[in-house]
């Protein structure tokens, strides 16, 4: 009897020990955790089919900056180069604009304003429509040194992937790093849209400022964007008049349509 008394509890104890051992997973290797799946990279946002830009210089230069080219670096002081936000002269003194001025000693002075804009599709061709309003004090039909103060000063509009900059050509002359053409002829990065002459007839009454608006509605212009979808726009004067030109940019419009 006594042997049976100890036999059953011993069996029960062994069974219980086995069950506990089977539940103990501390000696088993821990399975590796699955690597998190990264979120998919969203595709670049498409640029707009049509980009409309309206700008004015009513209260400041609105982020546009000015530059000058086609003159000897060492002689910069005699070109009287200047650019700033300014009130217009009479009879337009109630308005303001971006004034750019220079004295053309080289018979080829180039003066420009520029600004970068985004929102375009990358690597895409756009057709560009320009419109610019400015104040001119040069009457039509005048005779001047090297050319007329109005008709010999060409107004240009341009668009480029790279920033328009005046660079040293290696002979200590500032030239443009974009193809803007020369004087009345446009280039691949800028086109001629008219001249600086206003509607007044040249006489002895003096030069007074008048507003003038130009566009390229009859002269198509297109540009291919780069990988970042940005474009630099510019408006400029390319002068054959060998004296001072002082232009006041008032504002304008740029319409870019995807081709």
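Residue numbers (full-length UniProt numbering): 1 to 259.
Think of the CB as a built atom: it goes at the ideal place given N, C-alpha and C, for glycine as much as any other residue.
Sort 118, 150 and 93 by Cα distance to residue 202 and report the nearest one.
Ranking the options by Cα distance to residue 202, first place goes to 150.
| task | Label residue 45 either buried or exposed according to how many other C-beta atoms from any shown protein chain fall within 10 Å of its C-beta, with 16 as the threshold for buried. | result | With a pLDDT of only 48 at residue 45, under 50, the local geometry of the prediction cannot be trusted, and the value read off the model is given with reservation. With fewer than 16 other Cβ atoms within 10 Å, it is exposed.
Handout entry: Three-state secondary structure (DSSP) of residue 183
Key = Looking at residue 183 - three-state DSSP - the assignment turns out to be coil, as it is neither helix nor strand.
Separation of residue 101 from residue 139, as counted between CA atoms:
The straight-line gap from Cα to Cα measures roughly 17 Å.
Checklist entry - Nearest CA to the CA of residue 155: which residue from 197, 166, 120 and 176? => result 197
### Query
Can you tell me where the beta strand (DSSP E) with residue 153 in it begins and where it stops?
153-160
ask   = From this set, 184, 217 and 172, which residue's C-alpha is nearest residue 76's C-alpha?
value = 172
Exercise. Contact check, residue 235 vs residue 144 under 8 Å by CB: the rounded distance?
Worked result: Actually they are not in contact, since the Cβ atoms of residue 235 and residue 144 sit about 22 Å apart, beyond 8 Å.
For residue 51, I'd like the list of residues in its chain whose CB is within less than 7 Å of its CB, leaving aside the five on either flank, ordered along the chain. 119, 120 and 256
Quiz item: In three-state DSSP terms, what is residue 23?
Solution: Legend: pLDDT at residue 23 = 43, less than 50; position of this residue unreliable, no value from coordinates given.
Find the nearest neighbour of residue 66 within the set 123, 249 and 258, judged by alpha-carbon distance. Closest by C-alpha distance to residue 66, out of 123, 249 and 258, is 249.
Checklist line | Integer Cβ distance of residue 231 from residue 237, believed to fall under 8 Å | finding: With 8 Å as the limit, residue 231 and residue 237 do not qualify as a contact, their Cβ atoms being about 21 Å apart.
Go ahead and pull the three-state DSSP assignment for residue 79.
helix
Buried/exposed call for residue 125, threshold 16 Cβ in 10 Å
exposed
query: Can the beta-carbon of residue 131 be found closer than 8 Å to that of residue 229?
result: no
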